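Inspection log for the structure reproduced underneath, given as C-alpha cells.
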Amino acid sequence: MTERRRRKPGIPARVLAVFLAASFAAAASAQAPDLQALEAEAAAAAEAGDYGGAAAILRRARSLFPGDPRPAVLLGDLYTDRSLHALALDEYLAAESLDPADTGTLQRIADSYGYLNREEDSIRYLRRLLDLDPGSTRAVGDLGWMLFKTHRLNEGIALLEDAERRLGPDIGFSMTLGTLRAELFEYEESRRRYEEAIAGARAEGYSRFTAVALYNLSLLESRFRLWARALEAADRSLLAESRSSGYLARGELRLRRMELDAAQADFASAFGVDTTPLARLGLAESALAAGRLDEALAWVREVADLEDHPWMASFGTDPDSFAMDLHELLSEIHRGRARVEKARPKRDLRDGAASWASRAVESLRAAWHEGLFRKYARAVAEAYAREGAELPAAVHAYLAFRGYPRRAARYLGRARALEEAWVPEARPSNDLEAALLARNPRAVEAALATLDPAWERDLTEEGLGGLAEILARRGRKAELRSVLERLWILNPGALPRRGFSLPAVLVLEASPDADGRTVRSLLRRLAKLGLETEPGAGDRIFELRLRLSGSGAEFSLEQRASGAVLRRGSVSFGAAGYGAYEVAEFVFREVNK
Amino acid sequence: MSGSSRVLSVPARIFRTLALLLLTYQARLLLADLVSLPRALGLCLLLSAAGVLLGRTRLRPWVRLAAAGVLPFALRLAFFAAFGIAGAILPGLGTDGLFPAFDETFRPLLPLWIWSVVASDAAERNRSFAVFEAGLNLALLALLFASQGGFRVTLYSHPSLLAAVAAALLFLSLAVLALLAPRGSGRSPGFPFRLAVLFAALALVLLALLGRYSEGAASRGGGLLKPTLFRFDLARYLKLETEISLSDDLVLIARKDPVDPNVLVRRFVLSEYDRRGGFRPGPGDEGIPEILPREPGSWEVPPWEGRQSLEQEYWILNLEPGALLGVDAPVSVVPWKLEPGSSFASAYALSSRAAVPALSLLLGDFDPARTPPAFALSESDRDRYTRWGDDPRIRALAEEVTAEAATPYDRVTAVLSYLRENYRYSLKPGAAPDGNQLSHFLFRSRKGYCSYFAFSMTVMLRSLGIPARVAAGFFLDPDTAVLEFHPVRADMAHAWTEVWFGEYGWIAFDPTSREPAPGESFEESRGTDPALLEGLLREILRGAREAATPEGPGPASDRRPAWDLRRAAAWVLRRSWLLAPGLWLALAVLGRGIRALRLGLLKDRRGRLLAAWESLEDALSSAGKHRSRGESIVDFAGRLDREGRGTSAEDLEGLARDWERAVHDPAPNSEEVRDLEARIRGFRGRVRSGIPAPRRVLAFLDLRRGLRPLPGGPGRRGGRR
C-alpha cells in the first residue's frame, strides 16, 4: 500500500481506498494456500496412485501450517497405508506435540508402536488414551491385546472384565478374553468367550472377525489336543472368510496327520492370500517333512533376512518367539542336509571328500542355528517367568536346555506337571519327549504305543526317527532295520534327512552282458544303503527288485508278504552309459522320497 | 626361568596379548548374534595367561600341545563348577542360564581358544614363533574378513573403522617385533629385518585381499562395478566378461517425479572403442560431468529440442561419495551437507534436461544433413563416435538388419528391435574361442548381459556411420519405488547405447533383451529390506538440507576423477597424520617412564650397573661413538681415550675397568656400586651435553631403546667381552 498524503482525503478517495484495500485482501487470501484444498489435492493424488505426489503435498502443507496437526496426521496415515510405520510414527509424534490430548493421534501412535513391535510404548499410549477417554472400546481392546502379547495375562483379564462391566459387552473384549484364558489353560471359559465373540460377529455380519475368532478357537482346541474340533473350527473359519490364518491352522493340523500334500496346499493357499512370513514357514515345514530340504531352505531364507515384522502386531507372537521358531527350522534343515550327505552314495574319493566337507559345513550351520534357537528360547522363557506364566516358562526353558539333559529333564518335569493337570491328553507326547531325552529305546517304544495314531503321526515320525538314531548309535542293527521300515511306511522322506535309507532285500537282475565289476561295485554301494541280497533276511518287510539293462535301470519296491508293488521307477542313461554310482544314486533318490 | 632365556619382555607380552584380544574382537563381530564380547575377551585373557604359564613349564612339546587342547575344556569345567555352586545357592532360570550363556561364547570360538593357549605357550618359549606370529596375526585378520569380500565390509558401520583396526593390529605387531629380546649369542637378525619380513607379509596379504575384492567386483557387479577402497563405482573401462553374478546390495536412493518415464541414470559415457573390444571415456567426453562438485554448479548444455527440465535427488550409500549420476543431460547441481553420522556418503539435488516422452515422434523426421551447424559434430568427434573396429561381419549384419529402414531413426530402431528379439539375456555368456566376445555374442552364442547388447548396438550403428556411444549407470525400477523414492541396487547397474540425433542431442536406447537364455532362470532379487529402506527414508525426510560443500576426498570440480585405491589410501593417510606420530611419542614417553621407574625400584646391584653402562653406551652412540662388533667394553673405552674423544675429567678406560670388576664381583659392595653409578651418570651427562639437540630427540624417540627390557645377567650386551 502506498504512503498516504497528510491532508485529509475526501469521501471518493476514502471509498476508493477501502475498495482497493478489500481488493488487495481478497487477492492475498486467494493466493494463500488453503489447508483443506491441499488436503483434497493430496487425497486426489493418493487416489490416483501418486503416493509420492500426495506425500509431497502434505509435507508442503505441514510446512505452511506448522501449528496445525492435521497435515502430519494425514501424512502419517499415508505412510501407514504404505506400511512405512516408522515414518508414520514420526508424523504422529509431531502431531501429538501440537495437540497432546487428541485421542485419534494417541490411538494412531499406539497402533504404530504395535506395528513396530514396541509393545511397552504402545501400552503407555493406550493408557494415556484411556485416561482421556475411558469409554474407548477400541483402546481397551488394544490394551488387552498388548497385555496378552507381553504375557501380563491376569492384568489383561482384569482390564477387559472391568471394561465389560462399565461399557457393556463387546465382541472384541470377548475375543481377547478368550485368548487370555486360553493362555492360562482355562478351556471352558476360553471357549465360552470365543463362542460369544463368534455369535456376536455373526449377528453383525462381520465375516472377517468371525473368521479370526474361529481361527483362535481352532488354536484353543489344538492346545487341548482336541484335534477333530480344531480342524472343524479351522474349516469354519475358512468358510466365514478365506483368510491366511485359516489356511495356516488347517495346514498345521494336516501336518500333524502327515498329510503332507494337503498341508502344502493349505500353506500355499495361505501364501496366496497374503505373503506374511508364517505362510512361508509353513511351506518350509511341509517341504522339510517331505525331505525336500533345498526347497525348505529357500522358503526360510526369504524370511530370515527380514528385520521388519509389522505383521506380528496382529498375531500372538513376538520377535523372540518368532526368531526361536525360525532358527529351530534352520537348524533342522541344515542338520538334515548334513545327514543326507552322509547317507547318499559317493561317486569316488573326490566326491567323498567334497561330501565330507559339505557335511562339516552343514553341521556347523546346524549347530549355529541350534545355538541361536536355544538363546531365543531362553529369552522367551525368562520373559514368561518374569510375568509369572509358569507353564510356558517351563516349556521354553526345557527347549532352551535341550543340550543339557539334566536341566532339560528338570524343566520338562515341571512343564509336564503343570500341563497334564489341565490337559491329560498331553501325557503321551510328554512321555515321548522324556524318553527321547533319556535316550531310552524301551521308553520310546512305550510312548509311541500311546500316541494318537491319526492325529499324532508327526510325533510318531519324530519318535521313530529319534529311536532310529539311538539304535544306530548303539549298533543294534536288527532293531534299527525294523524301525526304519516303520518310519518309511509313515513318511519315506524322513529317512534321508536322518541319515538313513530304506533297508530291503535286494533282488538284482543284471543283463548277461553287464560288466561284472560294475555289478559288484553296485552291490557294495547298495549294501551300504541297507539293500542286501542275504537269504537269511526273513524279517524284512520290503523287497527291491532292480533290473539292469544296457541303457538303464528299473526297480520295483514290493511288500514281501503280499507281493504288492509299492513303488516303481525307471531311468535311462542314454548313450553316455552308467556305472554303479549312477544306479545306486538313482535307487537312493527314488526309494526314499 | 632365568631372564636371559625368557623370550618376551613384559611390554612385548602385553602388546602380544592386545593383538590377540583384537583378533578375538574381530572374530566375535562375525558371530555377534551369539557370542558375548565381555565373555570372549575374558576367555581370551585367561587362556592366554594359561598359555604363558604353560610355556614356563618343562613339559615335553607333545605334552604341552595336548595340554593346550585340554586347557580350554578344563576352564569350562571350572566355570561350570562355579555355576553349579551358584545354582545350588540361588536355584532358578537365571543361574541355570549361565551354562548355555557360557557355551554360546565358548563353542563357536573353540579353535581361537586353543590357538590362544598354543600361541602364548609357543611365544613364551620360541623367539622365531613370536616373529612369525606378528605376521600371522595380519593374515588371520585378512582371513576373518575373507567373508566380507565383494564391495563392502559389513561388520563395521564405517570403513574407516576397519582401517583403524587393521592399523592398530599392525602397530601392535610392530611393537612386539621391536620389543623382541635379542639372542644372547648375538645372531639376532635385527629389527630392520623383522620389520621387512612383516611388511612383506602385509603386502602379500593386502594384495590377496585387494585382488579378491577386484575379482569379486567384476563378477558380482554385473561386469560394470569395480571396487575403490571401501566402496565401489562403475568401471570407466568396460569389457565383456565371460560370466558375472549380481549383488542386491543397496547402492543409492534416487528421488524423481514418478510420472516421468526416464529411468536410466547415467554415470559415465564411454565413447572410445579399443582393440581389446572394450569401451572407455574418450577425450570429448570430458564435458560430461562425472564428479560431484563441492559447491553448487552448472554446466552448459546445448539447447537440444525435445527436452524438459527434470528435478532429481540422489542419496549415495555405497557408491563413491564423489560420484555424480543423473538422468540424461545434467544442467545444475546442488550438493548437500550431511549431518555427522549420516548413513549416506553424499547427497545432492540435480536438474537435467531430459527427453520428453513424445521425442520419438520427432526423431522420425531427423535428417543429419540438415543438422544446424550449432549442433553438428566436429570431424574428430564424428570420427570417434563412428569408430567400430574392423569385423566385416558386423557391418554386413547391420546392413542386413537395416536394409528396409528409410531414415536414421528407423535404422536405429531396427537394430534395437533386432537385438531385443533375437538375443537372450544371460549372466554366463561363455568364453569366445578366439577371444572376440562381441562377435561370439553376435554370431554364435546369442546370449549375454547388458554390456553385450549395448556394445553390439553401438558398434553396429557405428558401422553404418551413425554416431553412437555406450553409457553406463543404473536403471530405476518403478515397481520398487516407495512413494517417490527409488531404491537402486547393485544389480541394477546397466549399460545402454546413446545415439546422436543432431539438434535433438544424444538419445538413449536400451537394447537389452528381457528374455532369459534357454535353460537359464534368474533368482529374482528379494529387493531391499523394507526396514533398512524405511530407516534411510526417515533420515532423508528428517534431515534439514542446506547447500554446502560435501566432505570427502574428492578433487576439485575441474579435475578428472581418479577414484582409485592410491588416492583413497592417500586421503586416509593424510587424515591420520596426527595419530601415528602421536602414538609413537606416547610409546616413547611411556616406555622410558616405565623403564626409569623399574630401574628406580631395581635392587639387584649388578643389574643396576649393567643398566647404567647401557645408558652410557646409548649416549656415546648418539654422539657418534659406536662400539665395534666383538670389541670389549674396556677396549672400546681405551680406544675412545686414545682418540681423545672422551671428556677430560675422567678417563673412560679406568671407569670401564672398575665397572667390569664390580659387575663380575659375586658380592659387589653397595657403596662401590653407588659410587660407580654416580661416576657413570656424570660421564654420561658430559657426553650428552655435547650431543646436538636433534640427535637427542631422535635418540629419545628410538623405541628400541625406550621399550627394551632392563639388562640382567651375563651374556647381554652390557657384559659382552
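One line per chain: the protein sequences are A and B, in this order.
Convert by adding 63 to the 1-based position in the first sequence; the result is the number in my numbering.
Convert by adding 152 to the 1-based position in the second sequence; the result is the number in my numbering.
We treat Cβ as the ideally placed atom computed from N, Cα and C, and that holds for glycine.
All figures in this text were calculated on a predicted structure; none of them were measured in a lab.
Counted within 10 angstroms of its Cβ, other Cβ atoms place residue i as buried (16 or more) or exposed
i              : result
residue 521(B) : exposed
residue 85(A)  : At residue 85(A), the pLDDT of 49 sits below 50, so the modelled position is not reliable; the number obtained from the coordinates is stated separately. That one is exposed.
residue 697(A) : There is no way to answer for residue 697(A), as the model of chain A reaches only from 64 to 656.
residue 246(A) : buried
residue 778(B) : exposed
residue 816(B) : exposed
residue 675(A) : Shown here, chain A extends from 64 to 656; a query on residue 675(A) therefore has no answer.
residue 327(A) : buried
residue 438(A) : buried
residue 403(A) : buried
residue 599(B) : buried
residue 471(A) : buried
C-beta neighbour in chain A for residue i, strict 9 Å
i              : result
residue 246(B) : yes
residue 167(B) : no
residue 412(B) : no
residue 509(B) : no
residue 525(B) : no
residue 253(B) : yes
residue 485(B) : no
residue 409(B) : yes
residue 264(B) : no
Integer Cβ distance of residue i from residue j, believed to fall under 8 Å
i              : j              : result
residue 159(A) : residue 168(A) : 5 Å
residue 437(B) : residue 421(B) : 5 Å
residue 178(A) : residue 184(A) : Going by Cβ atoms, the distance from residue 178(A) to residue 184(A) rounds to 11 Å, so no, they are not a contact pair.
residue 321(A) : residue 482(A) : Actually they do not touch by this definition, with Cβ atoms about 24 Å apart.
is_contact[residue i, chain B] using C-beta, thresh 9 Å
i              : result
residue 149(A) : yes
residue 357(A) : no
residue 467(A) : yes
residue 23(A)  : An answer regarding residue 23(A) cannot be provided, because it is not within the stretch 64 to 656 covered by chain A.
residue 360(A) : no
residue 464(A) : yes
residue 642(A) : no
residue 649(A) : no
Among the options, nearest to residue i - alpha-carbon criterion
i              : options                        : result
residue 414(A) : 645(A), 383(A), 519(A), 348(A) : 645(A)
residue 362(A) : 372(A), 330(A), 313(A)         : 330(A)
residue 666(B) : 605(B), 688(B), 634(B)         : 605(B)
residue 297(A) : 287(A), 318(A), 319(A), 274(A) : 274(A)
residue 516(A) : 338(A), 319(A), 351(A), 380(A) : 319(A)
residue 594(A) : 571(A), 398(A), 261(A)         : 571(A)
residue 405(A) : 559(A), 137(A), 441(A), 512(A) : 559(A)
residue 497(B) : 580(B), 471(B), 519(B)         : 471(B)
residue 282(B) : 291(B), 290(B), 271(B)         : 271(B)
residue 494(B) : 505(B), 592(B), 473(B), 510(B) : 473(B)
residue 463(B) : 478(B), 490(B), 440(B)         : 478(B)
residue 532(A) : 263(A), 502(A), 552(A)         : 502(A)
residue 223(B) : 458(B), 274(B), 804(B), 200(B) : 200(B)
residue 536(B) : 210(B), 741(B), 432(B)         : 432(B)
residue 421(A) : 400(A), 131(A), 436(A)         : 400(A)
residue 689(B) : 146(A), 127(A), 106(A), 130(A) : 146(A)
Can you check the segment 322-348 of chain A for any alpha helix (DSSP H) of at least 4 residues that lies completely inside it and give the ranges in chain order?
-> 323-336
Completely contained beta strand (DSSP E) runs for the segment 489-540 of chain A, where each covers 3 or more residues | none
Whole runs of the alpha helix (DSSP H) within the segment 538-585 of chain A, excluding any shorter than 4 residues = 540-553
Whole alpha helix (DSSP H) runs in the segment 225-305 of chain A with 4 or more residues, listed along the chain?
-> 234-246, 250-267, 270-286, 290-303
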